[in-house]
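Colleague:
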Amino acid sequence: METNWSSALKDSISEVFSTSFFLVPESYPDPPETAHQMSAAGWFEGYLDFNRDAQTVRIWVWTPKRIAVELAANIFACDPDEVDTEQVLDAFREMINMVSGNLLTVVDTESAWKMGLPNANVLASGTVGQAVGAAEWDMLFDIEGSPIVAGWKMFTK
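Under our numbering, the first residue of the sequence shown is numbered 824, with each subsequent residue one higher.
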């Protein structure tokens with residue numbers, strides 16, 4: 824199951840970011856530790872839960888502020904200096920919703936999972952590695968020289 828959720832998340836990130844936000848994720852060129860050691864202060868975090876019976880799967884996406892602001896400006900069709908933090912959070916919630924919906928069509932061919940509501944916040948402290956430590960599986964991408972991270976974890980109630 825890990826491969827299915829992981830590959831579906833990777834494909835969904837690539838498709839949604841490039842087609843809906845005009846940001847093309849590429850392979851992260853450095854060792855993961857390079858991104859994991861960065862300060863997470865100011866990074867944006869989005870997540871959404873899927874539920875089925877006693878199981879929950881949480882999907883996360885983390886990006887530095889620059890990428891989150893560009894994502895918001897692209898969705899609102901304006902310049903990056905024209906969006907405020909609330910608009911960036913709204914756009915980030917929409918992005919995680921789109922990524923999750925796209926992923927769900929791949930992993931849930933029997934419509935057994937229920938998709939929750941998207942959440943987004945700005946991280947205040949810590950490192951990227953500490954933030955992504957909540958995920959069981961994570962993957963790094965590079966967008967215009969900045970790392971973005973996606974991950975997921977399955978919980979049993």
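Ideal Cβ placement from N, Cα and C applies to all residues, glycine included.
As the structure is a computational prediction, the values presented were derived from the model and not from experiment.
Would you please state the rounded distance, in angstroms, between the beta carbons of ASN882 and SER841? I believe it to be under 8 Å.
Modeller: Counted from its first residue, the sequence shown places residue 882 at position 59. Counted from its first residue, the sequence shown places residue 841 at position 18. The displayed chain sequence assigns Ile, not Asn, to residue 882. Going by Cβ atoms, the distance from ILE882 to SER841 rounds to 18 Å, so no, they are not a contact pair.
Colleague: Is it the case that the region 967-977 contacts the region 873-890, given that we only count it when at least three CB pairs across the two stretches are under 8 Å?
Modeller: yes
Colleague: Am I right that GLU917 and ILE898 are in contact with their C-beta atoms under 8 Å? What's the rounded C-beta distance?
Modeller: The residue you call residue 917 lines up with position 94 of the sequence shown. The residue you call residue 898 lines up with position 75 of the sequence shown. That pair is a contact at about 7 Å.
Colleague: Please list the segments of the alpha helix (DSSP H) lying wholly inside the region 841-895, counting only runs of 4 or more residues, in order along the chain.
Modeller: 855-859
Colleague: Please tell me whether GLU893 and LEU846 are closer than 8 Å, where the distance is taken between their beta carbons.
Modeller: Here residue 893 corresponds to residue number 70 of the sequence shown, with the count starting at 1. Here residue 846 corresponds to residue number 23 of the sequence shown, with the count starting at 1. Against a cut-off of 8 Å, the Cβ pair of LEU846 and GLU893 comes out as a contact.
Colleague: Could you check whether PRO887 and SER969 sit closer than 8 Å to each other, using their CB atoms as the reference points?
Modeller: Within the sequence shown, residue 969 is the residue found at index 146, counting from 1. Within the sequence shown, residue 887 is the residue found at index 64, counting from 1. Going by C-beta atoms, SER969 is nearer than 8 Å to PRO887.
Colleague: I think LYS833 touches ARG875, with their Cβ atoms under 8 Å apart; what is that distance to the nearest whole Å?
Modeller: Position 10 of the sequence shown, counted from the first residue, corresponds to residue 833. Position 52 of the sequence shown, counted from the first residue, corresponds to residue 875. At roughly 21 Å, the Cβ-Cβ gap does not stay under 8 Å, so LYS833 and ARG875 are not in contact.
Colleague: How close, in whole Å, do the beta carbons of THR843 and LEU926 come, if the pair is a contact with beta carbons under 8 Å?
Modeller: Position 20 of the sequence shown, counted from the start, is the residue given in the question as residue 843. Position 103 of the sequence shown, counted from the start, is the residue given in the question as residue 926. Thr is not the amino acid found at residue 843; the sequence shown has Ser there. Contact check for SER843 and LEU926: beta-carbon distance about 14 Å, past the 8 Å limit, so the pair fails to qualify.
Colleague: Assuming the contact rule is C-beta atoms closer than 8 Å, THR950 and MET861 should be a hit. Round their C-beta distance to whole Å, please.
Modeller: On the sequence shown, residue 950 is found 127 positions in, with the first residue counted as 1. On the sequence shown, residue 861 is found 38 positions in, with the first residue counted as 1. Yes, THR950 and MET861 are in contact; Cβ-Cβ is about 6 Å, under 8 Å.
Colleague: Say yes only if the C-beta of HIS859 is nearer than 7 Å to one or more non-hydrogen atoms of the ligand MN, and no if none qualify.
Modeller: Among the ligands in the structure shown, none appear at all, so the ligand MN cannot be discussed.
Colleague: Going by C-alpha distance, which of GLY952, VAL945, VAL930 and GLU967 is nearest ALA831?
Modeller: Position 8 of the sequence shown, counting from 1, holds the residue named residue 831. Ranking the options by Cα distance to ALA831, first place goes to VAL930.
Colleague: Express the C-alpha separation of VAL839 and THR908 in angstroms, rounding to a whole number.
Modeller: Along the sequence shown, read from residue 1 onward, the residue named residue 908 stands at position 85. Along the sequence shown, read from residue 1 onward, the residue named residue 839 stands at position 16. For THR908 and VAL839, the distance between alpha carbons rounds to 21 Å.
Colleague: From the DSSP output, which residues share a beta bridge with THR979?
Modeller: In the sequence shown, counting from the first residue as 1, residue 979 sits at position 156. Answer by DSSP bridge pairing, in chain order: GLN878.
Colleague: Quick one: is PRO941 buried, meaning 16 or more other Cβ sit within 10 Å of its Cβ, or exposed?
Modeller: Numbered from its first residue, the sequence shown carries residue 941 at position 118. Buried: at least 16 other Cβ atoms inside 10 Å.
Colleague: Spatial neighbours of ALA891 within its chain, please: CB distance less than 7 Å, with the 5 preceding and 5 following residues excluded, ordered by chain position.
Modeller: The sequence position of residue 891 within the sequence shown is 68, counting from 1. Counting only Cβ-Cβ distances below 7 Å, and skipping sequence neighbours, we find PHE867, VAL911 and PHE915.
Colleague: Which value, in whole angstroms, describes the spacing of the CA atoms of MET824 and VAL955?
Modeller: Residue mapping note: residue 824 aligns to position 1 of the sequence shown, counting from 1. Residue mapping note: residue 955 aligns to position 132 of the sequence shown, counting from 1. The predicted model places MET824 with a pLDDT of 48, which falls under 50 and marks its position as unreliable, so this point remains unresolved.
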